[in-house]
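Q:
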Amino acid sequence: MPNRHYLKRDFNNWSIYTLAIVIFIAVPILTIFLKLFSGPGETWQHIVKNLLADYTINSLWLIFGCIILTLLFGVSSAWIVSRYKIPFQNTIEWMLILPLAIPSYITAYAYAGIFDYGGSLELLLRKVGISMIKIDIMNIYGLIVVLSLSLFPYVYVSTRAVFLYQSNRLIEASKLLGASEIKTFFNIVLPVARPAIIGGLFLVLMEVLNDYGAAKYFGVNTFTTGIFRTWFSLEEPNTAVYLSALLLLVVFVLIFLERLQRGDKKYNLALKSDIQLPKKNSSKKFQFLLFGLASIPLVFGFLLPFLQLVYWAFLTYSDTISIAFFNTALQSLSISILTAFLTVLIAVMVLYFPKWNRLKFLKDTPKIAVLGYAIPGAVIALGVMIPTLVLDKWFIKTMKQVMNIDIGLIINGTIAILVYAYIIRFLAVAFNPIEASQTKIGKQLSESSKLLGKNNLVTFIKIELPLLKTGLLSAFILVFVDIMKELPLTLILKPYHINTLAVKAYEYASDEQIMEASIPSLLIIVTGIIPIILLNKLILGAK
């Protein structure tokens with residue numbers, strides 16, 4: 058009885074809106090688990106006996122290999138640029154983020170062309186009289202390197218932020234006790250930065266599990282490539298759902314481990330300072346050596362693949378650029394802008410509606426919202442497609458019975474379903490910077506407004522919204538860039554009459570027209586670089 062009384066007392070309009078958002082977000086995830094009860098498809102036993110071990114071992118190898126290399130690239134470059142004075146300091150600090158502008162599948166295409174027989178590296182060596190030894194990168198080891206070069210900035214960005222503001226007293230105390238620079242780094246610096254490093258690694262691993270284009274092109278069987286093969290080639294949706302559920306299990310284990318390690322977070326924050334760590338001066342030779350070391354992941358993660366694509370573009374632009382290509386580019390930009398705007402709007406709702414609702418069990422809605430980014434795009438696509446197909450069949454049957462007309466599919470195969478899946482996938486990307494901005498605002502202004510008799514919505518529009526502009530713009534830019542690059546989700550859900558630059562590049566590469574893939578790839582990269590530069594200036598201006 059008391060529970061029913063409190064429910065009736067605390068229930069308000071914001072509770073309804075919050076429940077609607079929970080349903081909106083949770084449907085794809087719940088669909089995957091509910092579909093398990095319908096049983097596996099006919100090919101499930103074949104996959105278990107012949108392919109599941111391959112999917113599992115390859116996925117684990119990718120996870121392990123990418124952890125090692127992204128740690129090496131990300132942590133070392135972050136420590137160098139935050140601790141030492143080096144040439145072109147400010148330039149290299151922001152340029153180390155640029156590999157994120159190149160999707161991993163495009164980096165894979167570029168390196169395949171560089172190391173291919175008759176590729177750029179062989180032509181270059183032949184000009185200087187060197188016969189090249191065949192280097193085969195089209196395997197799981199090459200894929201590990203390519204993914205690590207593409208994704209290390211996640212570790213670099215999170216780790217550098219901690220290194221810049223670590224307490225200098227700890228480092229000086231370590232030196233006074235006779236510890237060397239290396240010993241101080243491993244015993245003092247790294248333990249303090251551990252939560253930030255693991256946070257960056259978590260994002261890396263989510264991207265590794267989501268990858269389809271690079272793994273498919275390199276011929277490496279993973280859970281994601283298995284889901285595609287089962288759904289499209291074998292036409293076994295139930296078996297694809299079982300594979301998706303296994304992949305979700307891996308994701309939830311990683312989420313649990315990431316949450317588990319946060320136990321030391323308060324301790325680590327206590328060891329930080331509000332003043333940036335002063336950069337060490339050293340000899341010119343040592344400075345240039347450090348500059349060279351910090352530049353390695355930038356050169357191999359961005360400059361080399363970018364230059365390879367530019368070279369190919371000069372060779373093929375006359376065959377590639379056409380009215381159809383411009384239409385594809387316009388469609389990509391339009392869908393990305395529209396979806397980024399809607400995602401930011403819903404992220405604001407996810408942040409504020411639970412606060413304004415009075416039911417306690419709905420206060421944790423944001424925790425559900427951030428799950429989307431952790432779930433691979435192929436899994437979200439299945440989770441969206443299955444319930445909408447059920448709705449479509451119901452509509453078709455109803456219209457046939459009531460009006461005796463065949464209407465065909467009205468939900469699936471539309472831009473709406475693609476946009477919905479994008480929102481679920483990238484809601485966390487928009488939510489995090491908006492939440493960070495809202496936290497900085499604090500509660501005093503909103504509470505003062507409420508004391509003056511203003512309701513939640515008026516307080517938000519007149520007071521908080523203007524102060525959230527940095528977070529909102531950051532969220533829009535991040536989501537826009539991610540949607541422009543997204544491949545697996547788009548491949549499954551895009552309407553037949555719509556194409557995107559990511560899918561176009563994939564189609565060219567799949568048809569062995571890898572050079573022609575350069576033009577759409579470069580356009581994706583350019584539309585990624587410009588927002589990253591703007592975001593960097595925005596963040597610096599906000600400090």
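Residues 58 to 600 in the numbering used here are what the sequence shown spells out, letter by letter. Don't be surprised by glycine CBs; every beta carbon is placed ideally from N, CA and C.
1) Between the C-alpha atoms of Leu10 and Ala381, what's the straight-line distance to the nearest angstrom?
2) Tell me Lys337's beta-bridge partners as DSSP assigns them.
3) For Phe90, which option in Val447, Val298, Phe537, Tyr477 has the closest C-alpha, if you only look at C-alpha atoms?
4) Tell me which residue opens and which closes the alpha helix (DSSP H) that Asn107 is part of.
5) At a Cβ threshold of 7 Å, is Ser188 touching chain B?
6) How about the region 154 to 167 and the region 358 to 372: do they share at least three Cβ pairs that are nearer than 8 Å?
7) On the three-pair Cβ rule with 8 Å, is the region 146 to 159 touching the region 173 to 181?
8) Identify every run of the alpha helix (DSSP H) within the region 523 to 584, keeping only runs that are complete inside it and at least 4 residues long; order them along the chain.
9) To the nearest angstrom, how far is the alpha carbon of Glu264 from that of Leu208?
10) Grouping DSSP H, G and I as helix and E and B as strand, with all else coil, what is Ser379?
11) In three-state DSSP terms, what is Pro160?
12) What did DSSP end up calling Ser188 once you bin it into helix, strand or coil?
13) With 16 other CB atoms within 10 Å as the buried threshold, where does Trp451 fall?
14) How many Å lie between Leu550 and Gly470 at the Cα?
15) At the level of alpha carbons, what is the spacing between Leu326 and Ile590?
16) Where do the N-terminal and C-terminal ends of the alpha helix (DSSP H) with Met263 fall, by residue?
17) Apart from the five residues on each side of it in sequence, which residues of its chain come closer than 8 Å, Cβ to Cβ, to Thr445?
18) Taking the continuous alpha helix (DSSP H) assigned at Leu204, which residues delimit it?
19) When the Cα atoms are used, what is the spatial distance from Leu387 to Ala431?
20) Secondary structure at Leu129, three-state DSSP: helix, strand or coil?
21) Between Lys561 and Pro577, is the Cβ-Cβ spacing less than 7 Å?
22) DSSP on Ala167, reduced to helix/strand/coil?
23) What are the boundary residues of the alpha helix (DSSP H) that Asn70 is part of?
24) Using the C-alpha atoms, what's the distance from Lys240 back to Tyr563?
25) Once DSSP output is grouped into helix, strand and coil, what is the label at Pro294?
26) Give the DSSP-derived three-state secondary structure of Thr396 in the structure shown.
27) Check each candidate in Phe275, Trp288, Ala250 and name the one with the smallest Cα separation from Ile194.
28) Ends of the alpha helix (DSSP H) at Ile432?
29) Classify Glu238: buried if its beta carbon has 16 or more other beta carbons within 10 angstroms, exposed otherwise.
30) How about Ile254: is its Cβ closer than 6 Å to a heavy atom in the ligand PLP?
31) Which residue from Ser375, Leu484, Val212, Gly186 puts its Cα closest to that of Val407?
32) By Cβ distance below 7 Å, which residues in the same chain neighbour Ser389 in space, the five residues on each side in sequence not counted?
33) Shortest alpha-carbon distance to Ile254 belongs to which of Asn70, Met442, Phe130?
34) List the whole-angstrom C-beta distance separating Ser139 from Leu221, where the pair is believed to meet the contact cut-off of C-beta under 8 Å.
35) Pull up the CB-CB distance for Thr396 and Val476, whole angstroms please, since I reckon it's below 8 Å.
36) Please state the DSSP three-state secondary structure of Val277.
A: The structure says:
1) Past the edges of the chain, shown from 58 to 600, lies residue 10, and the structure says nothing about it.
2) Tyr141
3) Val298
4) 101 to 107
5) Of the protein chains in this structure there is only one, and it is not chain B.
6) yes
7) no
8) 526 to 542, 545 to 550, 558 to 567
9) 8 Å
10) coil
11) coil
12) coil
13) exposed
14) 7 Å
15) Its pLDDT being 45, under 50, Leu326 is placed unreliably by the model, and the measurement read from it follows with that caveat. Rounded to the nearest angstrom, the two C-alpha atoms are 28 Å apart.
16) 247 to 267
17) Ile468, Asn469, Ile474
18) 197 to 221
19) 29 Å
20) helix
21) yes
22) helix
23) 70 to 92
24) 46 Å
25) helix
26) helix
27) Phe275
28) No alpha helix (DSSP H) holds Ile432; DSSP gives it neither H nor E.
29) exposed
30) Among the ligands in the structure shown, none appear at all, so the ligand PLP cannot be discussed.
31) Leu484
32) Met541, Thr557, Leu558
33) Phe130
34) 5 Å
35) 5 Å
36) coil
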